[in-house]
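Peer 1:
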Amino acid sequence: METLTLIAILLLLLLILLTILRRRRHAPVTRTQNQSGSFLELMKNSHRILDWTTDLLLSKPSGTVSTFMAIITSNPSNVEHILKTNFNNYPKGSSFTSILHDFLGSGIFNADGDHWRLQRKTASLEFSTKAIRAFILSRVHLESISRLLPLLTSASVSGEIINLQDLLELFTFDNACQVTFGHDPSLLNASSPSFSDRELALAFEEATQLSVRRFSHPFPFIWKLQRFLNLGSERRLREEVAKVQAFAMEVVRERKRRRDLTGSLGDDLLSRFIALRSRRKRYHGGGHNLVFLAHIYKTRCEEKIIDEIKSVRDKTKKTMDEAPVFSLDQVKDMVYLHAALAESLRLYPPVPLQTRTSLEDDVLPDGTAVKKGQTVMYSSYAMGRRKEIWGPEWGDFRPERWIEKGEFRAVSPFTYPVFHAGPRMCLGKEMAHIQMKAIAAAVLERFEIEVVDGEKERVKDLGIMLRIKGGLPVRVHPLVY
35 METLTLIAIL
45 LLLLLILLTI
55 LRRRRHAPVT
65 RTQNQSGSFL
75 ELMKNSHRIL
85 DWTTDLLLSK
95 PSGTVSTFMA
105 IITSNPSNVE
115 HILKTNFNNY
125 PKGSSFTSIL
135 HDFLGSGIFN
145 ADGDHWRLQR
155 KTASLEFSTK
165 AIRAFILSRV
175 HLESISRLLP
185 LLTSASVSGE
195 IINLQDLLEL
205 FTFDNACQVT
215 FGHDPSLLNA
225 SSPSFSDREL
235 ALAFEEATQL
245 SVRRFSHPFP
255 FIWKLQRFLN
265 LGSERRLREE
275 VAKVQAFAME
285 VVRERKRRRD
295 LTGSLGDDLL
305 SRFIALRSRR
315 KRYHGGGHNL
325 VFLAHIYKTR
335 CEEKIIDEIK
345 SVRDKTKKTM
355 DEAPVFSLDQ
365 VKDMVYLHAA
375 LAESLRLYPP
385 VPLQTRTSLE
395 DDVLPDGTAV
405 KKGQTVMYSS
415 YAMGRRKEIW
425 GPEWGDFRPE
435 RWIEKGEFRA
445 VSPFTYPVFH
455 AGPRMCLGKE
465 MAHIQMKAIA
475 AAVLERFEIE
485 VVDGEKERVK
495 DLGIMLRIKG
505 GLPVRVHPLV
515 Y
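Here's what the structure looks like:
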């Protein structure tokens, strides 16, 4: 039955494609100097979308191209116009939000308009408190001391090759669940996770990948038809999302039961939002996952990072055994490490492409005309490679570009939109830096990380977040002082 249905779908697609081609054959052709990226070119480069779009952008003096699907820009003036100056004209749009709605719902990451503003205001109040920052850092410390560092120590003794990307993602998932739900899946501890927690992690990963797959369809009605008929990948997506939602609802019910029995909640975000909802009945927010991935490859700056960590350690007057992790104030003193992480994020931003939809006709600062309903994208990945922004040595890993007179020098978020910019700038930006620095310092103070086949070019895997295809195999060596 499914085979016959798929054949019918393919025949329908063929008829629609022929109709489109027939119309285009008789339509007047208009091109601008920024126009490029045909459907055939897209298909030819589908395995390297990120590099292909970057090549197109870097080949244009304006840093902007118009493809058959969207306008894509790497021009800071355009980015500021989209994200700030004319913010109300560029929501994420229904075309984008519908793709992720089955998985993310109408939470803060996938909402527009008044619904987004309400959630943003509520979430910003919670993220600005010292209590939540202290709670998040305490979870990072606990996860590092009890799981991550012992695991790396074991690998350094055995000499086995480990996948650092997978390891950090498990760390992140455990940490995010603790911060968000007050639930510890213990995935980083292979002997601890229950079957249900492993199933949750697998369901979350599968739902993420299947949702991202929708973006690869040049014609959205393909996946929408599959969803309507409950076929193939759309049926699997529905099943995996149901597992994630069942877990989330059970956690919410358990937290409310705890409140009713004891009159108290936890420090996690869910508990805070439940308490807030008791005071403000209009709030209907979703969960917030702070996800990050940072890779520091072996470079000439490694010695400077370790020297800085040693300097901060000396000021504590405590050994690693006495104080296994650094405090919030100590982490803030690590300027060079902060710069190295910023440099890593410049070259490998976690979310390299962002999408918006124009509500009305508009003209970008570089003169590019935007039609009502047109998709507009900006590439932080390409922006990190523009010599007009970073100079001819943009390809050099040079943390010093971020330091001025011994202090970290921030740049305009419209030049470096790794954490977005304007009204939708990431609420967890400061906390993400603190988490990354705390983890990196704890690891680099103890171990030397050797990338296996370090000269090998890594293939990028573009999903909701940028990853390395096949992971990052490393050997871990104890650091000898």
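Going by my numbering, the sequence shown wraps up at 515, each residue one higher than the last. Ideal placement from N, C-alpha and C gives every residue a C-beta, glycine not left out.
Apart from the five residues just before and just after leucine 234, which ones in its own chain have a Cβ nearer than 6 Å to its Cβ?
Peer 2: Here residue 234 corresponds to residue number 200 of the sequence shown, with the count starting at 1. Cβ within range, chain order: Phe281.
Peer 1: Counting C-beta neighbours from all protein chains within 10 Å, is the total for lysine 471 16 or more, i.e. buried, or is it exposed?
Peer 2: The sequence position of residue 471 within the sequence shown is 437, counting from 1. Its Cβ being crowded by 16 or more others within 10 Å, lysine 471 is buried.
Peer 1: Could you tell me whether the stretch 482–496 touches the stretch 455–465, using the rule of 3 or more Cβ pairs below 8 Å?
Peer 2: Result no; under three Cβ-Cβ pairs closer than 8 Å.
Peer 1: When you compare only the Cα positions, how much space is there between alanine 145 and threonine 156?
Peer 2: Walking along the sequence shown from the start, residue 145 turns up at place 111. Walking along the sequence shown from the start, residue 156 turns up at place 122. Distance between the alpha carbons of alanine 145 and threonine 156: 14 Å.
Peer 1: Apart from the five residues just before and just after alanine 475, which ones in its own chain have a Cβ nearer than 7 Å to its Cβ?
Peer 2: Walking along the sequence shown from the start, residue 475 turns up at place 441. The answer, listed in chain order, is Ile343, Phe360, Val365, Met368 and Leu371.
Peer 1: How is the beta strand (DSSP E) around arginine 501 delimited, first residue to last?
Peer 2: Locating residue 501 in the sequence shown gives position 467, where the first residue counts as 1. That run of the beta strand (DSSP E) goes 500–502.
Peer 1: So what's valine 402 in DSSP terms, helix, strand or just coil?
Peer 2: Within the sequence shown, residue 402 is the residue found at index 368, counting from 1. Residue identity differs from the one stated: residue 402 is threonine in this sequence, not valine. Coil at threonine 402, not helix or strand.
Peer 1: Measuring alpha carbon to alpha carbon, tell me which residue in Gly418, Val510, Lys490 and Glu427 is nearest threonine 107.
Peer 2: As a first step, residue 107 must be located in the sequence shown, where it is residue number 73. The option with the nearest alpha carbon to threonine 107 is Gly418.
Peer 1: Is the stretch 94–111 touching the stretch 407–423, taking contact as three or more C-beta pairs under 8 Å?
Peer 2: Yes, the stretch 94–111 touches the stretch 407–423.
Peer 1: Any idea what DSSP makes of aspartate 355, helix, strand or coil?
Peer 2: Here the question's residue 355 lines up with position 321 in the sequence shown. If DSSP states are grouped into helix, strand and coil, aspartate 355 belongs with coil.
Peer 1: Distance check for aspartate 208 and serine 220, CA to CA, integer angstroms please.
Peer 2: Along the sequence shown, one-based indexing puts residue 220 at 186. Along the sequence shown, one-based indexing puts residue 208 at 174. Cα to Cα, serine 220 sits roughly 6 Å from aspartate 208.
Peer 1: Under 8 Å by Cβ, that's how I've got leucine 222 and arginine 181 pegged, so tell me the actual separation to the nearest angstrom.
Peer 2: To locate residue 222, count along the sequence shown from 1; it is residue 188. To locate residue 181, count along the sequence shown from 1; it is residue 147. Contact holds; Cβ gap of about 4 Å.
Peer 1: So isoleucine 423 and threonine 389 are supposed to be a Cβ contact under 8 Å. How far apart are they, rounded?
Peer 2: Within the sequence shown, numbered from 1, the residue matching residue 423 stands at position 389. Within the sequence shown, numbered from 1, the residue matching residue 389 stands at position 355. No, isoleucine 423 and threonine 389 are not in contact; Cβ-Cβ is about 21 Å, not under 8 Å.
Peer 1: Let me know if glycine 401 comes out buried or exposed under the rule of 16 or more other beta-carbons within 10 Å of its beta-carbon.
Peer 2: Counted from its first residue, the sequence shown places residue 401 at position 367. Classification for glycine 401: exposed.
Peer 1: Which runs of the alpha helix (DSSP H), 4 residues or longer, sit entirely within the stretch 383–463?
Peer 2: Entirely contained in the stretch 383–463, the alpha helix (DSSP H) runs reaching 4 residues are, in chain order, 414–417 and 421–424.
Peer 1: For arginine 270 versus asparagine 264, is the C-beta distance shorter than 8 Å?
Peer 2: As a first step, residue 270 must be located in the sequence shown, where it is residue number 236. As a first step, residue 264 must be located in the sequence shown, where it is residue number 230. Not in contact: arginine 270 and asparagine 264 (Cβ atoms no closer than 8 Å).
Peer 1: In the DSSP assignment, find the beta strand (DSSP E) that holds leucine 496 and state where it starts and stops.
Peer 2: Taking the first residue of the sequence shown as 1, we reach residue 496 at position 462. Run containing leucine 496: 494–496, per the beta strand (DSSP E) assignment.
Peer 1: Once DSSP output is grouped into helix, strand and coil, what is the label at valine 99?
Peer 2: Your numbering for residue 99 matches position 65 in the sequence shown. The answer is strand: DSSP assigns valine 99 an E or B state.
Peer 1: Can you list, in chain order, the stretches of the alpha helix (DSSP H) that have 4 or more residues and sit fully within the stretch 162–219?
Peer 2: Correct list: 164–177, 183–192 and 198–215.
Peer 1: Pick helix, strand or coil for valine 365, following the three-state DSSP scheme.
Peer 2: Numbered from 1 along the sequence shown, position 331 holds the residue referred to as residue 365. Note: valine 365 maps to helix in three-state DSSP.
Peer 1: Got a sec? Which residues, its chain only, sit under 6 Å from threonine 131 by beta carbon, not counting five neighbours each side?
Peer 2: What you label residue 131 is simply residue 97 of the sequence shown in a count that begins at 1. Correct list, in chain order: Asn144.
Peer 1: Report the rounded CA-to-CA distance for arginine 316 versus leucine 152, giving the unit in angstroms.
Peer 2: Here residue 316 refers to the residue found at position 282 of the sequence shown. Here residue 152 refers to the residue found at position 118 of the sequence shown. At arginine 316, the pLDDT of 34 sits below 50, so the modelled position is not reliable; the number obtained from the coordinates is stated separately. Approximately 9 Å, taken between the alpha carbons.
Peer 1: Using only the alpha-carbon positions, how far apart do glycine 147 and proline 451 sit?
Peer 2: The sequence position of residue 147 within the sequence shown is 113, counting from 1. The sequence position of residue 451 within the sequence shown is 417, counting from 1. In a straight line, the C-alpha of glycine 147 is about 21 Å away from that of proline 451.
Peer 1: Checking 8 Å against the spacing of the C-beta atoms, do isoleucine 179 and proline 358 come in under that value?
Peer 2: For this step, residue 179 is matched to residue 145 along the sequence shown. For this step, residue 358 is matched to residue 324 along the sequence shown. In contact: isoleucine 179 and proline 358 (Cβ atoms closer than 8 Å).
Peer 1: The alpha helix (DSSP H) that contains arginine 82, what's its start and end?
Peer 2: Position 48 of the sequence shown holds residue 82. First-last for arginine 82: undefined, no H or E at that position.
Peer 1: Taking all protein chains shown into account, decide if lysine 490 is buried (16 or more other Cβ within 10 angstroms of its Cβ) or exposed.
Peer 2: Sequence index remark: in the sequence shown, residue 490 carries index 456 (1-based). Exposed is the call here.
Peer 1: Going by other Cβ atoms of all chains shown within 10 Å of its Cβ, with 16 needed for buried, is glutamate 479 buried or exposed?
Peer 2: Indexing the sequence shown from 1 puts residue 479 at position 445. Result: buried.
Peer 1: If you run the structure through DSSP and keep just helix, strand and coil, what is phenylalanine 481?
Peer 2: One-based indexing of the sequence shown puts residue 481 at position 447. Looking at phenylalanine 481 - three-state DSSP - the assignment turns out to be strand.
Peer 1: Counting C-beta neighbours from all protein chains within 10 Å, is the total for glutamate 36 16 or more, i.e. buried, or is it exposed?
Peer 2: Here residue 36 refers to the residue found at position 2 of the sequence shown. Caution is warranted here: a pLDDT of 47 is assigned to glutamate 36, below 50, making its placement in the model unreliable, and the coordinate value is therefore given only provisionally. Exposed: under 16 other Cβ atoms inside 10 Å.
Peer 1: Rounded to a whole number of angstroms, what is the C-alpha to C-alpha distance between aspartate 487 and isoleucine 195?
Peer 2: What you label residue 487 is simply residue 453 of the sequence shown in a count that begins at 1. What you label residue 195 is simply residue 161 of the sequence shown in a count that begins at 1. Cα to Cα, the separation comes out at about 12 Å.
Peer 1: Suppose you measure from the CA of aspartate 396 to the CA of arginine 458; what does that come to, to the nearest Å?
Peer 2: Numbered from its first residue, the sequence shown carries residue 396 at position 362. Numbered from its first residue, the sequence shown carries residue 458 at position 424. Their backbone Cα atoms lie some 20 Å apart in a straight line.
Peer 1: Alpha carbon to alpha carbon, what distance is there between aspartate 355 and glutamate 114?
Peer 2: Residue numbering aside, residue 114 sits at position 80 when the sequence shown is read from its first letter. Residue numbering aside, residue 355 sits at position 321 when the sequence shown is read from its first letter. So the alpha carbons of these two residues sit roughly 47 Å apart.
Peer 1: Quick one: what's got a C-beta closer than 7 Å to arginine 167's C-beta in the same chain, skipping five residues either side?
Peer 2: Locating residue 167 in the sequence shown gives position 133, counting from the first residue. Met465, listed in sequence order.
Peer 1: Quick one: what does DSSP say valine 486 is sitting in, helix, strand or coil?
Peer 2: On the sequence shown, position 452 is the one that residue 486 refers to. Here valine 486 sits in coil by DSSP.
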